[in-house]
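Residue numbers (the numbering used here): 343 to 794.
Worksheet for the structure shown next.
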């Protein structure tokens, strides 16, 4: 509101003294300040509207009202410049009008410069803080008023000199020339402000802003940045970015990559509203196991227990396929058949594909169980470790009798430096030996852990 009060004061002062002295420079300044008054009121109303949160009709918020306000102010300034230029040319070439220069004319110009200086600095600070284009436009108006007032001041000095010295009578036209100088200064500002307003309304953004978002999105896990769309709405920046991630990446991992890209963009463009869309793409170095699981997922199937055989350079594959447990056999087989065809197309040199169909989402079975002696199993395991010279410590051995079978679980402690593949191989050998030595062994669960 301070800008409104300042504009009212300056407009009244310039208009009154301009009519009194018949100075076109002061009248042009009065018109300029009058438009500043209208602009200040429009800015005040616009900022109140643009600060409202997004709603169902304005999903990107109300920031465009600021852009419209800035464009409206620019058009008003252009109209003012047209009138000033017309009047100045008329006084220069057709109608000569006497300008009465006095102390009040100089006083109002100096007052205008002082007020414009303080208001432009204050508005610029607020505009930078809140990234408000409307406030920036208001600050520009007051700052250009300083220069235009200086031009008017020079014009008044020229008229005063013409009145005092007859040999310099030609300087009487300095007032009209000063008015033209005001028009030129204002038009220059209008060009920059108007172009920026139109660009924002048409969603044009500087290339450096687009590049900043593009580069920021290249975080770990992003194979490619496929599309970047950036737009402004008042002080807000909105970025829609499409990134490519490996199609073998799990959903949660892909979401984590998108979140990293979003955070990086917000760090590069503070306050930006960012939407990341992740698209799966085939990676250059993708093994057969990964491709098999991805193809199964595309067909709505789960794949596990995958075995790949290499026989004289010809590869074949066997795996378990998980299908919905409410399907009929012919439906499940059709899904498996479609998957096998897709896998053969993806890997033309595949010699054979064998799938085992089973229901997905195996429900946790609750079985009635009773303790069974673990002595026989413990002796068999210790004997095996000693014979195979495996340095492992077995503990927490539990044996239950359930469903007519022995259900075995135990912990196997190995050196922490053991590779995970080697550790898994040891547990597989233990399980295989246990089944061969103890009859009626059902499920075997071995938890492997480091000793240190």
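The beta carbon of each residue, even a glycine, is placed where N, CA and C say it ideally should be.
The structure presented is a predicted model; accordingly, all values stated were derived computationally and were not measured.
Where residue i sits in the DSSP three-state scheme
{"i": "residue 613", "result": "coil"}
{"i": "residue 598", "result": "helix"}
{"i": "residue 546", "result": "coil"}
{"i": "residue 504", "result": "helix"}
{"i": "residue 580", "result": "strand"}
{"i": "residue 588", "result": "strand"}
{"i": "residue 740", "result": "strand"}
{"i": "residue 824", "result": "Limits of the chain in this structure are 343 at one end and 794 at the other, which puts residue 824 out of reach."}
{"i": "residue 399", "result": "coil"}
{"i": "residue 790", "result": "strand"}
{"i": "residue 463", "result": "helix"}
{"i": "residue 335", "result": "The shown model of the chain, from 343 to 794, leaves out residue 335, and the question about it has no answer."}
{"i": "residue 537", "result": "helix"}
{"i": "residue 570", "result": "strand"}
{"i": "residue 394", "result": "coil"}
{"i": "residue 755", "result": "strand"}
{"i": "residue 750", "result": "strand"}
{"i": "residue 807", "result": "Residue 807 is absent from the structure shown; the chain starts at 343 and stops at 794."}
{"i": "residue 411", "result": "helix"}
{"i": "residue 575", "result": "strand"}
Residue interval of the beta strand (DSSP E) (run including residue i)
{"i": "residue 699", "result": "692–701"}
{"i": "residue 365", "result": "Neither: residue 365 is in no beta strand (DSSP E) and is coded neither H nor E."}
{"i": "residue 559", "result": "Where residue 559 is concerned, there is no enclosing beta strand (DSSP E), given that its DSSP letter is neither H nor E."}
Residue of the options minimising C-alpha distance to residue i
{"i": "residue 524", "options": "490, 557, 531 and 540", "result": "490"}
{"i": "residue 756", "options": "730, 738, 793 and 777", "result": "793"}
{"i": "residue 423", "options": "506, 400, 520 and 678", "result": "520"}
{"i": "residue 493", "options": "459, 451 and 779", "result": "451"}
{"i": "residue 499", "options": "518, 482 and 460", "result": "518"}
{"i": "residue 585", "options": "571, 785 and 696", "result": "571"}
{"i": "residue 694", "options": "591, 478, 657 and 716", "result": "657"}
{"i": "residue 644", "options": "456, 617 and 661", "result": "661"}
{"i": "residue 796", "options": "591, 561, 733 and 411", "result": "Past the edges of the chain, shown from 343 to 794, lies residue 796, and the structure says nothing about it."}
{"i": "residue 742", "options": "462, 787 and 722", "result": "787"}
{"i": "residue 640", "options": "685, 400, 510 and 468", "result": "685"}
{"i": "residue 725", "options": "667, 776, 781 and 410", "result": "776"}
{"i": "residue 784", "options": "411, 545, 750 and 767", "result": "750"}
{"i": "residue 351", "options": "372, 361 and 364", "result": "372"}
{"i": "residue 486", "options": "399, 505, 504 and 460", "result": "460"}
{"i": "residue 731", "options": "740, 761 and 768", "result": "768"}
{"i": "residue 363", "options": "667, 478 and 502", "result": "502"}
{"i": "residue 654", "options": "677, 748, 468 and 691", "result": "691"}
{"i": "residue 797", "options": "761, 745, 528 and 678", "result": "No information on residue 797 is available, as it lies outside the stretch 343 to 794 that the chain covers here."}
{"i": "residue 416", "options": "426, 505, 538 and 495", "result": "538"}
{"i": "residue 772", "options": "745, 747, 729 and 744", "result": "729"}
{"i": "residue 778", "options": "754, 766 and 723", "result": "723"}
Extent of the continuous alpha helix (DSSP H) to which residue i belongs
{"i": "residue 723", "result": "717–730"}
{"i": "residue 778", "result": "762–779"}
Cβ-Cβ separation, residue j to residue i (assumed contact under 8 angstroms), whole Å
{"i": "residue 583", "j": "residue 596", "result": "Rounded, the Cβ-Cβ distance is 14 angstroms, inconsistent with contact."}
{"i": "residue 482", "j": "residue 531", "result": "6 angstroms"}
{"i": "residue 540", "j": "residue 564", "result": "The pair is not a contact, with the Cβ atoms about 34 angstroms apart (cut-off 8 angstroms)."}
{"i": "residue 700", "j": "residue 664", "result": "6 angstroms"}
{"i": "residue 581", "j": "residue 609", "result": "Between residue 609 and residue 581 the Cβ distance is about 12 angstroms, and since that is not below 8 angstroms, they are no contact."}
{"i": "residue 752", "j": "residue 738", "result": "6 angstroms"}
{"i": "residue 567", "j": "residue 559", "result": "5 angstroms"}
{"i": "residue 604", "j": "residue 616", "result": "5 angstroms"}
{"i": "residue 648", "j": "residue 634", "result": "6 angstroms"}
{"i": "residue 453", "j": "residue 355", "result": "7 angstroms"}
{"i": "residue 406", "j": "residue 575", "result": "5 angstroms"}
{"i": "residue 573", "j": "residue 553", "result": "The Cβ separation is near 15 angstroms, so there is no contact."}
Any non-hydrogen atom of the ligand ATP within 7 angstroms of residue i CB
{"i": "residue 402", "result": "For the ligand ATP, the structure offers nothing, since it holds no ligand at all."}
Entirely enclosed beta strand (DSSP E) segments - the segment 618–671, minimum 3 residues: 644–653 and 656–665
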